[in-house]
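Note that full-length UniProt numbering has the sequence shown beginning at 1, numbered continuously upward.
We treat Cβ as the ideally placed atom computed from N, Cα and C, and that holds for glycine.
What follows is a short report on a single structure.
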Amino acid sequence: MSTWAIGDLQGCYAPTQRLLERIRFDPAVDRLWFCGDLVNRGGESLETLRLVHSLRASCVTVLGNHDLSLLAIGERRSDEQRRVNPDLQRVLFAPDAPELLAWLRKQPLLHADRALGWMMVHAGLAPKWTTSLAEKHAREVERTLCGDGYRKLLKNMYGDRPAWSPRLAGIDRERAIINVFTRLRYCTPRGRIAFDEKGPPGTQQPGLYPWYAVPGRAERDLRVVCGHWSTLGLFIGHGVHAIDTGAVWGGKLTALQLDSEELRIVQVPGRDVPASPPRPRPTTPAVRSH
């Protein structure tokens with residue numbers, strides 16, 4: 001029996017299949033942890049989502065920003081859905097879309113296994129969040145996503161403001177929590193996220209730190225595995241294992257064994273034809289998309 005964490009799939013179905021073969025994954029005895037962003041840009045998001053859904057008894061996945069975006073688009077009118085990229089359209093208009101999206105919506109923002117000694121998030125943790133605080137805040141949003149208020153949340157979750165504060169309430173609080181768990185790379189020591197900084201460490205503006213290296217950050221009693229930050233690449237340090245190695249951009253898809261006493265990493269080539277980079281985000285609107 002083995003437990004493996006796998007980095008961002010982003011609709012890269014063929015590399016995912018190759019990686020599962022390389023680690024000799026047996027759903028009868030093994031467990032998989034997916035670090036979020038199952039969909040978008042890879043060209044095979046429908047097949048990838050169906051695969052992970054079929055393995056749901058043997059895996060856990062956390063929600064990434066692209067997963068949440070898909071859920072939000074799924075609540076829009078069909079004419080609006082036809083404006084998104086063809087990869088996501090194939091998911092939205094598939095006959096099993098209602099089943100797949102209903103399952104995806106009920107996935108957590110954070111998964112922790114104290115017996116194993118690990119926790120998983122998609123992007124990162126606010127500097128002052130201990131493990132228990134992070135779990136508490138994740139559960140707040142998860143309750144809404146699994147309850148009757150999920151449509152309101154998905155409609156109003158977009159935006160870079162406000163910065164996280166324990167004094168926040170309502171949709172502002174939920175948006176800030178989502179931004180930490182699914183969009184964080186760099187932040188100030190007080191936890192204000194620099195959303196436009198996406199390069200590797202050393203390229204950021206002065207006064208910003210990778211979320212895992214902020215001075216005065218909280219001590220955490222679990223190791224953290226995460227994805228989201230493809231330009232960071234494979235990173236191990238500060239109790240963090242970041243394993244988004246850019247499969248959708250022509251990099252590698254990475255698996256990390258969580259129940260091994262030795263560091264064991266397995267990688268396979270990512271997408272044969274790298275995805276086109278996203279268009280630059282506009283800088284003028286006050287509210288921006290994920």
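Residues in the same chain with beta-carbon distance under 7 Å from residue i, minus the five sequence neighbours each way, listed in chain order, please.
i: valine 52; result: Phe34, Leu38, Cys59, Thr61
i: aspartate 259; result: Ser2, Thr3, Leu116
i: aspartate 67; result: Gly36, Asp37, Leu38, Val39, Leu104
So residue i and residue j are in contact, right, with Cβ under 8 Å, and what is the actual spacing, rounded?
i: serine 45; j: arginine 90; result: 7 Å
i: glycine 124; j: tryptophan 211; result: 4 Å
i: aspartate 87; j: asparagine 40; result: 6 Å
i: tryptophan 229; j: arginine 167; result: Not quite, the Cβ-Cβ distance comes to about 28 Å (not below 8 Å), so this is no contact.
i: cysteine 187; j: proline 127; result: 7 Å
So, using beta-carbon positions, are residue i and residue j closer together than 7 Å?
i: threonine 254; j: isoleucine 243; result: yes
i: glycine 42; j: valine 248; result: yes
i: glycine 246; j: arginine 271; result: no
i: leucine 109; j: leucine 49; result: no
i: threonine 231; j: glycine 199; result: yes
i: leucine 222; j: tryptophan 118; result: yes
i: valine 141; j: isoleucine 177; result: yes
i: glycine 149; j: glycine 7; result: no
i: arginine 82; j: valine 268; result: no
i: alanine 218; j: threonine 130; result: yes
i: histidine 238; j: threonine 182; result: no
i: proline 9; j: leucine 71; result: The sequence as given places leucine at residue 9; proline does not occur at that position. It is not a contact, given that the beta carbons lie outside the stated cut-off.
i: histidine 241; j: valine 225; result: yes
i: alanine 5; j: leucine 256; result: yes
i: arginine 105; j: leucine 133; result: no
i: glycine 159; j: arginine 173; result: no
Using a Cβ-Cβ cutoff of less than 8 Å, which residues in the same chain neighbour residue i once the five nearest sequence positions on both sides are dropped?
i: proline 215; result: Pro189, Tyr209
i: arginine 31; result: Met1, Ser2, Thr3, Trp4, Ser58, Cys59, Val60
i: alanine 94; result: Leu46, Leu100
Give every residue of the same chain whose Cβ lies closer than 6 Å to the Cβ of residue i, excluding the five residues on either side of it in the sequence, and list them in chain order.
i: alanine 163; result: Arg192
i: valine 29; result: Met1
i: tyrosine 13; result: Glu44, Glu47, Thr48
i: arginine 161; result: none
i: phenylalanine 195; result: Asp160
Does the Cβ of residue i have 16 or more other Cβ atoms within 10 Å, making it buried, or fewer, making it exposed?
i: asparagine 85; result: exposed
i: methionine 1; result: exposed
i: glycine 207; result: exposed
i: aspartate 96; result: exposed
i: valine 180; result: buried
i: arginine 56; result: exposed
i: proline 285; result: Per-residue confidence for proline 285 stands at a pLDDT of 35, beneath the threshold of 50, marking its modelled position as unreliable; the derived number appears in the next sentence. Label assigned to proline 285: exposed.
i: arginine 114; result: exposed
i: proline 98; result: exposed
i: alanine 169; result: exposed
Using beta carbons (cut-off 7 Å, strictly below), is residue i in contact with chain D?
i: proline 201; result: Looking at the structure shown, chain D is missing, and only one protein chain is on hand.
Relative to the ligand ZN, is the shortest distance from any of its heavy atoms to the C-beta of residue i smaller than 6 Å?
i: glycine 43; result: As presented, the structure is devoid of all ligands, the ligand ZN included, so that no description of it is given.
Beta strand (DSSP E) segments (min. 3 residues) lying fully within the segment 194 to 263: Within the segment 194 to 263, the complete beta strand (DSSP E) runs of at least 3 residues are 223 to 226, 235 to 237, 240 to 242, 252 to 257.
Length at least 3, wholly inside the segment 39 to 113: the beta strand (DSSP E) runs in chain order: Correct list: 59 to 61, 110 to 113.
Alpha helix (DSSP H) runs contained entirely in the segment 116 to 155, provided each spans 4 or more residues: Within the segment 116 to 155, the complete alpha helix (DSSP H) runs of at least 4 residues are 131 to 146.
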